[in-house]
Each structure stands twice: as C-alpha cells, then as structure tokens.
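Asker: The following block contains the structure, expressed as structure tokens.
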Amino acid sequence: MRLFKYFQEQSILLLTFMIIAIFLPATLLLWHVSLDLVINSTVFMLVVFAFYLAYGFFKWRQTQIAFKKSEDENLLLRTQLAELTAASQDLDDIIRIWSHQMKVPMAAIDMMSQTHVDPRELQNQVFNLNYYLTLLLEYQRITNLSNDFSFEEFSVKKVASSLVKRYSSFFIQKNLSVNINAEPDWLLKTDQRWFNLALEQIINNAVKYTPSGSVTITIQPGKITISDTGIGILPEDLPRLFDHGFTGYNGRIQEKSSGIGLYLSQLILEKLDFKINITSTINVGTQVSISK
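Okay, so the sequence shown: first residue is 1 according to UniProt numbering, each after it adds one.
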C-alpha cells in the first residue's frame, strides 16, 4: 500500500523515465549503434533508476513515519490541551456555583446572629456549609483520580442507615418519614467511601426537594432505589440531569440546586462501574436507582 502511494507521488518521474526508456534505445538504433550496446545501456539505465527508486522509497518512508509520529504527538497535545481547558472551565464553574451556594447558609447564620438563634436551624446551616465544602474538595479529588480505589465488602443497608442518621435533623425539621426496606440486604464490594459520597448526593436531593411526605430507600441484591414524594422533575429536564452545572426548572424555582450533586454522583458511579437511572413525575415524586 505504501509502495503504491509512493509510486503515485512519483508518477511524473516514472512517466519521464518511461519516455526516456522508449526513446533512448530507439534513438541509438537510428544511429546504427550495435544492438548489444543498446541493450547494455538500457539495462544499465534501468538498474540505476531502480536503485534511485529504492533509495527514494526508503527516504520517503522515513519521512512518512516521522510525519505520522509528529501528527500523533500533535493530536495528543491538542487532546490534552482540550482536556486541561475543559477541566479548568469546569473548576471555574464549580467554584462560581459553590461560592453562590455558600452564601445561603452564611446569610442565614448571619441573620440568626443578629436576631434569635434557632439551635436546630443553626445546626442545619453549619451542616450545609460543611456539605458544600466537602462537595468542592471531593469534586477536585474525583476529577483527578484514576484508579486509586480501595475495594471492600460492606452492607449497603448500613451505609444508607448511616446517611439517614446524618440527615436526621432535616427529616425532623421537615417532618418527613423515612423508610429503609432491605430484605435481603445488598452486600456490595466496591470503594465504600466513594459509593457513600455518590449515595449521599441522591439522599440530599431527596430531602431537599421533598417539602412533605416521605423518603423510601429500597435495597435488594444488586440495586438500591431512593424514592421521594417531592416536587418531581420536568420530563424535558430528565435527559440533562447529569450535565455539569444543570439545575433544572424546579431547581431554579426552589433556588436550592447547585448543579453539582448529580453530576458528581454520576462521575463517581461511572468510575466504580455502576449505572444510575432517574424517573420522576411532577408533584408526585422522584425515583433514583443505582445498580450494577
């Protein structure tokens, strides 16, 4: 294939040689040069030209290899530059969104300091500050993480119960009931820390967007589903829920969404080889499933 391409590029030279190869012997014969001399001169010319073509092909092939290597390196550099630019833009967006979200609990704490301090509300706002700070730090870690995971077997029910306990003050404040159904339990072998963080984002959303009613966590081998009776998600927003910085209509109306939580969850779950699926009905509720 390379040889054919080389001959294509040398087509003018080959044509010139063919013309010479035809007319030179004919000219020598017209001058009544002996046939042996005509044959010898023609063969000599063919040998010289063959060596020239072989040497030319060798140099051309080296040039092509060097050019291909240069192209590959250039493509790799462009890809790396694009990834660095995208990562930088993502981080800028995350910090901008994070800064905005941090203002809400800080403003609430400032207001309480000037009026009446509600211990439970203060506790919740401090929790939110810690949550958003953790979100930023973990986002930076997961985006720079390759395969730095620690796999161990653990009970998904225990992880879910621990998160429910962590958010107990929010459940109590909003008078939400919470149910954990785990018969049988899911004994999962993966990185517990990162799985816990991904699951927390989903439970956080369930609590955040459920003004009344309940949150139900159903666990079975190979799958966990978090269902709420919250405000739901518009059908046109569902395909974009995992997009970076996307908040959705209800998230913007509620002014609570950072557009980071679900994006981070999917990022983590993809790295751990899990699938996440969301279904929702407006004013009925949302169901989020994580499965292997």
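Glycine included, every Cβ here is placed at the ideal spot set by N, Cα and C.
#1: Is the Cβ-Cβ distance between Asn283 and Gly222 less than 9 Å?
#2: Hey, quick one: how far does the beta strand (DSSP E) through Phe154 stretch, first residue to last?
#3: Is it the case that the Cβ atoms of Leu195 and Ser169 are separated by a distance below 9 Å?
#4: Is Asn250 buried or exposed, if buried means 16 or more other CB atoms sit within 10 Å of its CB?
#5: Would you tell me roughly how many angstroms separate the C-alpha atoms of Thr16 and Leu53, rounded to the nearest one?
#6: Taking the alpha carbon of Thr42 as the reference point, which residue from Ser177, Ala26, Asp72, Glu9 has its own alpha carbon closest?
#7: For the pair the stretch 176-191 and the stretch 133-141, tell me if three or more CB-CB distances fall below 8 Å.
#8: Taking three-plus beta-carbon pairs below 8 Å as touching, is the stretch 164-178 in contact with the stretch 195-207?
#9: With Ser212 as the anchor, note down where its beta strand (DSSP E) starts and where it stops.
#10: Go ahead and pull the three-state DSSP assignment for Asp36.
#11: Quick check on the DSSP output: what are the complete alpha helix (DSSP H) runs of length 4 or more inside the stretch 168-207, in order along the chain?
#12: Mapping DSSP to helix, strand and coil, what is Thr229?
#13: If you reduce the DSSP assignment to three classes, tell me which class Gln10 lands in.
#14: Helix, strand or coil: how does DSSP classify Gly285 here?
#15: Would the stretch 148-155 count as touching the stretch 112-122 if we require 3 or more Cβ pairs under 8 Å?
Answerer: According to the data block:
#1: Here residue 283 is taken as the residue at index 283 of the sequence shown, counted from 1. Here residue 222 is taken as the residue at index 222 of the sequence shown, counted from 1. Going by C-beta atoms, Asn283 is not nearer than 9 Å to Gly222.
#2: Taking the sequence shown and counting its residues from 1, the one referred to as residue 154 is at position 154. Looking at the DSSP string, the run of the beta strand (DSSP E) that includes Phe154 is 151-155.
#3: One-based indexing of the sequence shown puts residue 195 at position 195. One-based indexing of the sequence shown puts residue 169 at position 169. Per the sequence presented here, residue 195 reads as Phe, with Leu not at that position. It is not a contact, given that the beta carbons lie outside the stated cut-off.
#4: Start at 1 with the first residue of the sequence shown, and residue 250 comes out as number 250. Annotation note: pLDDT 49 at Asn250 (below 50); position unreliable, no value reported.
#5: Start at 1 with the first residue of the sequence shown, and residue 16 comes out as number 16. Start at 1 with the first residue of the sequence shown, and residue 53 comes out as number 53. So the two alpha carbons sit approximately 13 Å from each other.
#6: Here residue 42 is taken as the residue at index 42 of the sequence shown, counted from 1. Comparing Cα positions, the closest option is Ala26.
#7: no
#8: yes
#9: Here residue 212 refers to the residue found at position 212 when the sequence shown is read from its first residue. Unbroken run through Ser212: none, as it is neither H nor E.
#10: Counting from one through the sequence shown, the residue named residue 36 turns up at place 36. If DSSP states are grouped into helix, strand and coil, Asp36 belongs with the helices.
#11: 168-173
#12: Here residue 229 refers to the residue found at position 229 of the sequence shown. Coil at Thr229, not helix or strand.
#13: Mapped onto the sequence shown, residue 10 falls at position 10. Residue state, collapsed to three classes: coil.
#14: Along the sequence shown, one-based indexing puts residue 285 at 285. Gly285 falls in the strand class under three-state DSSP.
#15: no
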